[in-house]
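Undergrad: Using our numbering, read the sequence shown as starting at 2 and increasing by one per residue.
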Amino acid sequence: MNTKRGTASATCLFMLILVLTTALFPCKAFADEALGDVDTPQAPKTTNSQASSSENGESTKVSVSEDATSASIEGTSYAVCDFARAQKGSNRAIDGTYYGYSYLVGNETGEFFQLIASESYAVAYVPAQAAQTLGIDIDDENDIKLLKSYLCALDGKTAAGSIPLSRIGTWHFTSNPTYEIGNIRFSFDQEINGTVYASVIGTDGSDLTDSDNPNYFKPSFADFGRPAPANEVTVNEGATGIAAAGKFLSELDWSPLWVTLKTTGVAIVFIFVLGLLAAYWCLHLSQKAKNIADSIFTIPMVLPPTVCGFILLYLCGRNTAFGSFFIDIGFPLIFSWPATVIAAVVVAFPLMYRSALGAFENLDTNMLDAARTLGWSNTRIFLKLMLPLSWSSIAAGTALAFARALGEFGATLFLAGNYLGITRTIPIAIYFEWMNGNDGVAWFWTAIVIGFSFIVFLFINLWSNSTTKYRKGAEQ
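Structure (structure tokens):
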């Protein structure tokens with residue numbers, strides 16, 4: 002038995018170290034849905050400055066800047082700077098004229114590589130002026146490989162969990178501002194009122210993103226980058242190894258940790274007191290009343306957290322006299338730090354309540370009756386007999402409630418919102434960091450939650466083992 006426990010502990014420790022290691026190094030998110038801003042996507046911060054792009058078995062080492070906006074390849078005549086990836090474009094008309102599904106490029110024509118990609122192929126535009134100046138021949142196989150290496154390396158750093166450019170197998174290159182594939186027209190370097198766009202439209206001027214269009218086509222994303230002579234582009238590579246970890250921790254916003262600890266610390270006090278009182282009160286109810294009360298106290302444990310959050314939002318908002326009163330006195334219970342405490346208390350309370358109730362129900366009623374015949378008050382019996390004898394279960398319930406409050410997400414987001422430094426707890430931070438493409442930060446907070454949970458359950462197991470040994474010793 003001890004060997005099995007030791008093996009289990011070693012396995013848990015190994016998994017924790019693995020997750021912590023993963024958190025400190027960049028990795029791809031496990032999603033293929035496009036996430037990000039419409040025309041100005043936020044590139045995730047990365048500390049891995051080296052990327053490899055392979056083509057037909059050959060590998061090209063590309064140095065990518067820490068902010069993923071520039072890249073260079075040793076021995077080449079040009080580099081790429083001012084790179085950006087647009088996850089989504091706009092399908093609205095511009096000044097009353099429909100130009101197609103469009104991506105904002107910038108303010109100058111003839112300056113940027115422009116690439117529009119779908120799930121099956123990509124069309125890349127190389128301005129003729131830039132190609133001539135830098136000696137880029139889009140009909141030359143080696144030049145094409147070099148361009149692909151640049152674009153795939155930079156795009157891979159800014160994909161933010163969506164499909165990366167490197168997965169797309171079919172490419173079309175052109176220096177013509179208009180390029181057609183079947184009934185689909187790609188337009189690049191379109192200057193409209195001083196702004197440059199790249200767009201996709203039907204050859205008949207129709208909206209290709211309309212599901213009723215027989216030529217339906219929806220771009221997945223677009224990439225833009227400015228080619229420039231290699232000696233004019235500076236690539237500031239990020240730190241690696243221990244230096245990268247130190248930089249990561251020094252730049253990390255630690256406020257979600259403090260908000261979480263403060264919220265959980267206050268919430269567990271309320272959970273502990275309310276759970277004990279509710280369990281003790283239920284003991285003195287009739288069986289029918291106890292069943293009803295028990296159902297009410299336990300239901301938050303089985304309801305989806307979003308349902309709990311919605312109900313709390315309704316009760317604590319202006320829809321009720323209760324919520325309006327606190328709002329009017331300047332102490333709102335919604336979208337504020339107290340809201341995080343309320344959400345944590347509601348969802349974690351059932352764990353404490355059920356643990357305490359089960360422990361109280363298992364006590365010897367004859368012993369309690371004997372104490373009453375000796376003149377002990379109910380308060381004295383509760384403090385001197387019931388609590389000490391039930392302490393093992395109560396401690397386990399407290400630890401479980403703490404872990405549940407620590408990981409609360411749905412109800413907190415619904416009731417308290419996402420305000421940095423005020424209501425953004427670690428679970429909320431994980432979600433929004435991942436949404437913004439900051440996978441390293443999301444993994445770091447995930448590791449923190451796993452670490453806390455591991456410690457909580459380790460405490461429960463050690464406490465249970467020590468209590469069991471004590472009881473066996475007493476029986477002997």
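Glycine included, C-beta positions come from ideal geometry on N, C-alpha and C.
On the three-state DSSP scale, how would you describe Q191?
TA: strand
Undergrad: Drop a sphere of 10 angstroms on the beta-carbon of D138, count the other beta-carbons inside from all chains shown, and report buried for 16 or more, exposed for fewer.
TA: Exposed, by the Cβ-count rule.
Undergrad: Label D422 either buried or exposed according to how many other C-beta atoms from any shown protein chain fall within 10 Å of its C-beta, with 16 as the threshold for buried.
TA: Reading off the sequence, residue 422 comes out as Gly, not Asp. Exposed: under 16 other Cβ atoms inside 10 Å.
Undergrad: Quick check: the stretch 400-418 against the stretch 138-156, are at least 3 beta-carbon pairs closer than 8 Å?
TA: no
Undergrad: Where do the ends of the beta strand (DSSP E) carrying G101 lie?
TA: Looking at the DSSP string, G101 is not in any beta strand (DSSP E), and its letter there is neither H nor E.
Undergrad: Please confirm whether S200 and G101 have their CB atoms less than 7 Å apart.
TA: Yes. Within cutoff.
Undergrad: With DSSP as the reference, identify every bridge partner of H285, one or two as the case may be.
TA: The partner list for H285 (beta bridge, DSSP) is empty, contrary to what the question assumes.
Undergrad: For L116, list the residues DSSP reports as bridge partners.
TA: A125, D224
Undergrad: If you compare alpha carbons, which of Y99, E409, E109 is closest to V342?
TA: E409
Undergrad: Could you tell me the boundaries of the beta strand (DSSP E) in which D83 lies?
TA: 79-87
Undergrad: What residue range is occupied by the uninterrupted beta strand (DSSP E) comprising Y180?
TA: Membership of Y180 in the beta strand (DSSP E) is indicated by the continuous run 179-182.
Undergrad: Please confirm whether G276 and Y354 have their CB atoms less than 7 Å apart.
TA: yes
Undergrad: Excluding the 5 residues flanking C317 on each side, which residues of the same chain have their C-beta closer than 6 Å to its C-beta?
TA: G324, L334, I335
Undergrad: Quick one: residues in its chain with C-beta nearer than 6 Å to the C-beta of T23, no 5 flanking neighbours on either side, listed in chain order?
TA: Residue placement at T23 is flagged as unreliable, the pLDDT there being 42, under the threshold of 50; the coordinate-derived value follows with that caveat. W444.
Undergrad: Are S188 and T179 touching if we call contact CB-CB under 7 Å?
TA: yes
Undergrad: If the criterion is Cβ atoms closer than 7 Å, does the pair S465 and A404 meet it?
TA: no
Undergrad: Would you say the beta carbon of L384 is closer than 6 Å to some non-hydrogen atom of the ligand ATP?
TA: Inclusion of the ligand ATP in the displayed structure is not the case, the ligand content being empty and no account of it being possible.
Undergrad: Taking C-alpha atoms, which residue in S256, V442, S176, S356 lies nearest to Q130?
TA: When only C-alpha atoms are compared, the closest one is S176.
Undergrad: Between which two residues does the alpha helix (DSSP H) harbouring V1 extend?
TA: Since the first and last residues shown for the chain are 2 and 477, residue 1 lies out of range.
Undergrad: According to DSSP, what are the bridge partners of P230?
TA: Y79
Undergrad: Report the start-end ranges of each alpha helix (DSSP H) in the stretch 126-158 that is 4 residues or longer and not cut off at the edges.
TA: 129-135
Undergrad: Could you tell me the distance, in whole angstroms, from the CA atom of L463 to the CA atom of Y104?
TA: Answer to the nearest angstrom: the Cα atoms are 59 Å apart.
Undergrad: Tell me the residue span of the alpha helix (DSSP H) that contains Y432.
TA: 427-436
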